[in-house]
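*Asks:* Structure in structure tokens, see below.
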Amino acid sequence: MTEKPLVSIITVVYNGEIHLQQTIESVRNQTYKNIEYIIIDGGSTDKTISIIKKNETTINKWISEPDKGLYDAMNKGINIANGELIGMINSDDWYESNAVEIMVKAYLENPFKTIFHADRYDVLSDGSRIIKKFNQSSIKFKYYSMTYNHPSMFIARQEYKKHKYSTELIALSDYQFVLEAFLADPDTFVYINKAIVNYRLEGVSAQMSFNNRMKEGFVARKEAGMNIFGNLFALSIRAVLTIKNYVFGNGK
12 MTEKPLVSII
22 TVVYNGEIHL
32 QQTIESVRNQ
42 TYKNIEYIII
52 DGGSTDKTIS
62 IIKKNETTIN
72 KWISEPDKGL
82 YDAMNKGINI
92 ANGELIGMIN
102 SDDWYESNAV
112 EIMVKAYLEN
122 PFKTIFHADR
132 YDVLSDGSRI
142 IKKFNQSSIK
152 FKYYSMTYNH
162 PSMFIARQEY
172 KKHKYSTELI
182 ALSDYQFVLE
192 AFLADPDTFV
202 YINKAIVNYR
212 LEGVSAQMSF
222 NNRMKEGFVA
232 RKEAGMNIFG
242 NLFALSIRAV
252 LTIKNYVFGN
262 GK
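Counted the way the numbering used here counts, the sequence shown spans residues 12 to 263.
Here it is in structure tokens:
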């Protein structure tokens, strides 16, 4: 571990011309400078490639080719990353200017930990922001939903040597990845009580239907190593809470 470790940041994009420039600028403007920036493009047909070429002084590596989806592209980026610490920022999102500095500090202070995470800002359609705190309930995480803010995560290279993102899931492979790491060693996580990333609520997982979320959640927990009894318990909790929210909540 070096005093100024190289940090790899990976952006996955497909036809992301609307917000990509903001994402790139948020990486360029980081207060921490020892960054390797990688963009993995899925073969965009809009102005994405032009935006990438315009910013090649900031981007260390980029690839444009068809992929098998978001998680395949993320794995491609991980495979060519050289950093001790690796962060993922999607092309709809952007970092706070001190995000990498904050996470590197935590990394250096916790040399035997591998997964560093923080809070995030959820960006609404009108541009306003709501802070999304990390929910520290391990019960909710294991049996209900992703409580960690994956866009805030910076993960040590050695963790990715153990496992990567499943390409069999459409939207919950990040949940599977984090749950697998948690079930193996919950003490490897370090939480930083600050919001470091801005996340637009327009992603695949935000638009996923109830049935598909139930199915993907079951597969994610199974592949992460949860036994059948725990998984069935998780399904029953989600069903009960969904019905409760529908009856007593807003009907969604």
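Note that beta-carbon positions come from the ideal geometry of N, C-alpha and C, so glycine has one too.
Under 8 angstroms by Cβ, that's how I've got Met157 and Asp196 pegged, so tell me the actual separation to the nearest angstrom.
*Replies:* Not quite, the Cβ-Cβ distance comes to about 18 angstroms (not below 8 angstroms), so this is no contact.
*Asks:* How is Ala206 classed by DSSP in three states: helix, strand or coil?
*Replies:* Three-state DSSP puts Ala206 in a strand.
*Asks:* Could you name the residues that DSSP lists as bridge partners for Glu47?
*Replies:* Answer by DSSP bridge pairing, in chain order: Ser19.
*Asks:* Is Gly262 helix, strand or coil when you go by DSSP?
*Replies:* Residue confidence for Gly262 is low, a pLDDT of 47 falling below 50, so the modelled location carries little weight and cannot support an answer.
*Asks:* Hey, does Leu246 have any beta-carbon neighbour from chain C nearer than 7 angstroms?
*Replies:* Absence of chain C from the displayed structure is noted, only one protein chain being present.
*Asks:* So what does Ser75 bridge to, in DSSP terms?
*Replies:* Bridge partners of Ser75: Asp52.
*Asks:* With H, G and I counted as helix, E and B as strand and the rest as coil, what does DSSP make of Ile141?
*Replies:* The answer is strand: DSSP assigns Ile141 an E or B state.
*Asks:* Since Gln187 contacts Ala235 with CB under 8 angstroms, what's their CB separation in whole angstroms?
*Replies:* Going by Cβ atoms, the distance from Gln187 to Ala235 rounds to 5 angstroms, so yes, they are a contact pair.
*Asks:* Where do the N-terminal and C-terminal ends of the beta strand (DSSP E) with Ala167 fall, by residue?
*Replies:* Counting along the chain, the beta strand (DSSP E) containing Ala167 begins and ends at 165-167.
*Asks:* Run through DSSP, which three-state label would Gly88 get?
*Replies:* If DSSP states are grouped into helix, strand and coil, Gly88 belongs with the helices.
*Asks:* With 16 other CB atoms within 10 Å as the buried threshold, where does Val251 fall?
*Replies:* Per the 10 Å Cβ criterion, exposed.
*Asks:* Alpha carbon to alpha carbon, what distance is there between Thr68 and Ile21?
*Replies:* Taking the straight line from one Cα to the other gives about 16 angstroms.
*Asks:* Which residue's Cα is closest to the Cα of Gln147: Ile141, Tyr159, Ser139?
*Replies:* The candidate whose alpha carbon is nearest that of Gln147 is Tyr159.
*Asks:* Does Arg140 pass the burial test, meaning 16 or more other C-beta atoms within 10 Å, or should it be called exposed?
*Replies:* Per the 10 Å Cβ criterion, exposed.
*Asks:* Which two residues bound the contiguous beta strand (DSSP E) that contains Tyr132?
*Replies:* Where Tyr132 is concerned, the enclosing beta strand (DSSP E) stretches over 126-134.
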